[in-house]
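Asker:
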Amino acid sequence: MKIFLIILGVIVAMALSLFFMYKGMYNRLVTLDEQTRQAFGKIVTSLQRRNDLIPNLVNTVKGYAAHESKVFQDIAEARASVGKTTIDASKIIGNKEMMTKYANAQSTLGGALQKLLMVQERYPDLKANKQFLNLQHELAGTENRITVARQRYNDAVGAVNKARRQLITSIVAAQLGIEEQAYFKAEEKAQTVPAVAF
Numbered sequence: 002m003k004i005f006l007i008i009l010g011v012i013v014a015m016a017l018s019l020f021f022m023y024k025g026m027y028n029r030l031v032t033l034d035e036q037t038r039q040a041f042g043k044i045v046t047s048l049q050r051r052n053d054l055i056p057n058l059v060n061t062v063k064g065y066a067a068h069e070s071k072v073f074q075d076i077a078e079a080r081a082s083v084g085k086t087t088i089d090a091s092k093i094i095g096n097k098e099m100m101t102k103y104a105n106a107q108s109t110l111g112g113a114l115q116k117l118l119m120v121q122e123r124y125p126d127l128k129a130n131k132q133f134l135n136l137q138h139e140l141a142g143t144e145n146r147i148t149v150a151r152q153r154y155n156d157a158v159g160a161v162n163k164a165r166r167q168l169i170t171s172i173v174a175a176q177l178g179i180e181e182q183a184y185f186k187a188e189e190k191a192q193t194v195p196a197v198a199f
């Protein structure tokens with residue numbers, strides 16, 4: 002009887018140990034997945050703020066540089082492209098193709114916005130316009146927030162992907178349906194400064 006109780010105690014201890022190990026992995030993966038979703042939400046919020054600033058900036062520049070139609074057209078097309086990409090995190094996170102499409106649309110808009118800001122060099126009155134300077138300052142702050150949000154998102158993705166690849170955790174991740182998540186990467190051409198010819 003004593004041996005039976007010892008064996009039963011060992012089995013119960015092992016079962017509890019396995020349960021708590023599984024629970025810890027499960028909770029860790031859920032936490033990491035949620036952190037990734039929150040980080041992506043911050044990217045979307047910052048990008049939406051940038052998108053909301055653009056019409057005011059375009060209208061201010063138009064008042065001084067009405068004949069810069071190519072720049073305005075590029076901005077309009079880039080904003081339309083961004084509008085076509087989904088911002089549903091549940092559809093983008095974990096889908097490398099959609100993440101690439103989303104990142105590329107944002108990158109194109111950023112490039113077009115840089116061209117718009119470069120227009121000021123040709124118009125001294127625009128460079129001195131208080132509204133333009135305020136918008137430019139807000140936009141610079143927003144771009145900084147976007148950069149920080151992207152970095153935090155990529156850090157969260159790295160943590161999830163690393164956890165997913167660990168031996169036992171990979172089994173739990175498969176049960177949860179947590180797939181490898183895509184990093185937010187800029188296009189290669191986003192690394193170069195756009196040329197603006199006047």
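Letter by letter, the sequence shown follows residues 2 to 199 of my numbering.
Note that CB positions come from ideal geometry on N, CA and C, so glycine has one too.
(1) Can the beta-carbon of Lys43 be found less than 9 Å from the beta-carbon of Ala104?
(2) Given this structure, state the Cα-to-Cα distance separating Val83 from Met22, to the nearest angstrom.
(3) Are there 16 or more other CB atoms within 10 angstroms of the CB of Asp156, so buried, or fewer, so exposed?
(4) Is Met2 helix, strand or coil when you go by DSSP?
(5) In three-state DSSP terms, what is Phe21?
(6) What residue from Gln137, Ser18, Arg80 has the CA that sits closest to Met119's CA?
(7) For the region 107-159, which segments carrying the alpha helix (DSSP H) assignment without a break, of at least 4 residues, lie completely within its bounds, in sequence order?
(8) Between Asn162 and the rest of its own chain, which residues show a CB-CB distance below 7 Å, the 5 nearest in sequence each way excluded?
(9) Assuming Lys85 and Phe73 make a contact with CB atoms under 8 Å, what is their CB distance in whole Å?
(10) Compute the Euclidean distance between the alpha carbons of Lys102 and Val11, then round it to the nearest angstrom.
(11) Would you say Ile169 and Leu30 are within 9 Å of each other, going by their C-beta atoms?
(12) Within 10 angstroms of the Cβ of Glu78, are there 16 or more other Cβ atoms? Answer buried if so, exposed if not.
(13) Distance check for Asp53 and Asp75, CA to CA, integer angstroms please.
(14) Report the residue from Pro56, Gln121, Leu110, Ala160 whose alpha carbon sits nearest the alpha carbon of Ala40.
Answerer: For this structure:
(1) The count along the sequence shown starts at 1 and reaches residue 43 at position 42. The count along the sequence shown starts at 1 and reaches residue 104 at position 103. No. Outside cutoff.
(2) Indexing the sequence shown from 1 puts residue 83 at position 82. Indexing the sequence shown from 1 puts residue 22 at position 21. Counting only the Cα atoms, Met22 lies some 43 Å from Val83.
(3) On the sequence shown, position 155 is the one that residue 156 refers to. Classification for Asp156: exposed.
(4) Taking the sequence shown and counting its residues from 1, one reaches residue 2 at position 1. DSSP places Met2 in coil when its eight states are reduced to three.
(5) In the sequence shown, the residue the question calls residue 21 occupies position 20. Helix at Phe21.
(6) On the sequence shown, position 118 is the one that residue 119 refers to. Closest by alpha carbon: Gln137.
(7) For the region 107-159, whole alpha helix (DSSP H) runs of length 4 or above, ordered along the chain, are 125-129.
(8) Start at 1 with the first residue of the sequence shown, and residue 162 comes out as number 161. Listed in chain order, the non-local C-beta contacts of Asn162 below 7 Å within the same chain comprise Glu181, Gln182, local neighbours out to five positions each way being set aside.
(9) As a working mapping, residue 85 is identified with position 84 in the sequence shown. As a working mapping, residue 73 is identified with position 72 in the sequence shown. Going by Cβ atoms, the distance from Lys85 to Phe73 rounds to 19 Å, so no, they are not a contact pair.
(10) Residue numbering aside, residue 102 sits at position 101 when the sequence shown is read from its first letter. Residue numbering aside, residue 11 sits at position 10 when the sequence shown is read from its first letter. Those two C-alpha atoms are separated by around 54 Å.
(11) Position 168 of the sequence shown, counted from the start, is the residue given in the question as residue 169. Position 29 of the sequence shown, counted from the start, is the residue given in the question as residue 30. When the beta-carbon positions are compared, Ile169 and Leu30 stay at least 9 Å from each other.
(12) Position 77 of the sequence shown, counted from the start, is the residue given in the question as residue 78. Burial check for Glu78: the Cβ neighbour count within 10 Å stays below 16, so the residue is exposed.
(13) Against the sequence shown, residue 75 aligns to sequence position 74. Against the sequence shown, residue 53 aligns to sequence position 52. For Asp75 and Asp53, the distance between alpha carbons rounds to 16 Å.
(14) Numbered from its first residue, the sequence shown carries residue 40 at position 39. Scanning Pro56, Gln121, Leu110, Ala160 for the CA closest to the CA of Ala40 turns up Ala160.
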